[in-house]
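Input: a single structure, listed below in structure tokens.
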Amino acid sequence: MLTRIISALIALPLAVFLIEAGGWAFLGLVTFVGGACVWEVLGMTQPDDRPTQVVFTAIGAGLCVGILTGRMGGAAALPIATLLPIGALVWFLFRTGGMETVGARSAFAITGLWWGGALLATTASLRLLPAGSGWLYLACMLAWGSDTAAYFTGRFLGKHKLYEKVSPKKTWEGAIGGVIFATLGAFGIRAFFELPIGTVDLAILAPMAAILGQVGDLAESMLKRSVGVKDSGTIMPGHGGLFDRVDALIFTGPPILAYATLVLGHSVNWLNLP
617 MLTRIISALI
627 ALPLAVFLIE
637 AGGWAFLGLV
647 TFVGGACVWE
657 VLGMTQPDDR
667 PTQVVFTAIG
677 AGLCVGILTG
687 RMGGAAALPI
697 ATLLPIGALV
707 WFLFRTGGME
717 TVGARSAFAI
727 TGLWWGGALL
737 ATTASLRLLP
747 AGSGWLYLAC
757 MLAWGSDTAA
767 YFTGRFLGKH
777 KLYEKVSPKK
787 TWEGAIGGVI
797 FATLGAFGIR
807 AFFELPIGTV
817 DLAILAPMAA
827 ILGQVGDLAE
837 SMLKRSVGVK
847 DSGTIMPGHG
857 GLFDRVDALI
867 FTGPPILAYA
877 TLVLGHSVNW
887 LNLP
């Protein structure tokens, strides 16, 4: 626990500083974390294939840059979204390795690009909305607040297993407690950052996003259990990998962005960097 606290005390202030700085600093943070997440997904699913890890990590980092600068929007979105899987399959077509696993490895690589790279960058795009840092902190509250509250609620009140096959320690009581706490915390974030979202809209959005955050955590647990690893990486002592830290966040961010843009009509001010 002490190691976890020390790691958090080092990483959290740095992340907040880069988020508030915006621009190149924020883009660098997102690109690094997104690339690291892709690296960790590939490290878990194909640990002996270093060239694939390097190439697809670079592509994942490029995805983050393309999304945050708006270059993957508009007319470019569909060609890029379709060419990436084609390119990945061509890569494995000429780098088959064991034929009995090449299909699974290619699927993991494509999934890793979107799961670790694109979802992270989409979540980070919340920073580019009006009152942007507040939107991003809202996503953090709904992800990490729900996770923390679920842990403590489940520890003291949990009796009924949520999904034992995937995550044996999680309980229904913990999950419900996490959603309630995160939703209450979301209203605190709205007040502090003066987010442009009404009470009814937040009452709809917050529990939905908190639930999806828990789904994101379960999804990563499913992946780790399927390949027999405990943590996605070792970059954060006491916490595991970066993918372990953002698995819930990257499931809360996209629905918040969708709600803010499609329902509330807010516009994303894409990074315009030379």
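Residue numbers (our numbering): 617 to 890. For glycine and all other residues, C-beta sits at the position ideal for the given N, C-alpha and C.
Where the alpha helix (DSSP H) through residue i begins and ends
i    : result
L736 : L735 to A740
T668 : R666 to L684
M660 : G639 to T661
I696 : A693 to L709
G748 : G748 to C756
Host beta strand (DSSP E) of residue i (start-end)
i    : result
L778 : K777 to Y779
T787 : S783 to T787
Other residues of its chain near residue i: CB distance less than 7 Å, five sequence neighbours each side excluded
i    : result
F642 : L634, I635 and R743
P871 : M824, A825 and L828
L745 : W751, A876, H882 and V884
Best match in the options for proximity to residue i [C-alpha to C-alpha]
i    : options                   : result
G856 : T868, G689, S837 and N888 : S837
Y767 : Q830, W886, L700 and M660 : Q830
K785 : G814, L834 and E656       : L834
L773 : K781, I813 and W788       : W788
I866 : G714, L625, A734 and L745 : A734
C-alpha distance - residue i paired with residue j, whole-angstrom precision
i    : j    : result
V681 : A737 : 8 Å
I805 : L878 : 21 Å
A765 : G794 : 5 Å
C653 : G732 : 5 Å
D763 : I827 : 10 Å
V670 : L758 : 32 Å
A583 : E810 : No information on residue 583 is available, as it lies outside the stretch 617 to 890 that the chain covers here.
W640 : H882 : 23 Å
A631 : L645 : 8 Å
Which of helix, strand or coil DSSP assigns to residue i
i    : result
G732 : helix
G814 : coil
G856 : strand
I827 : helix
E836 : helix
E716 : coil
Neighbour flag for residue i against chain B, beta carbons, 8 Å
i    : result
D863 : In summary, chain B is missing from the structure at hand, where a single protein chain is found.
Contact set for residue i: own chain, Cβ-Cβ below 6 Å, skip 5 residues either direction
i    : result
G728 : V654, V657 and L658
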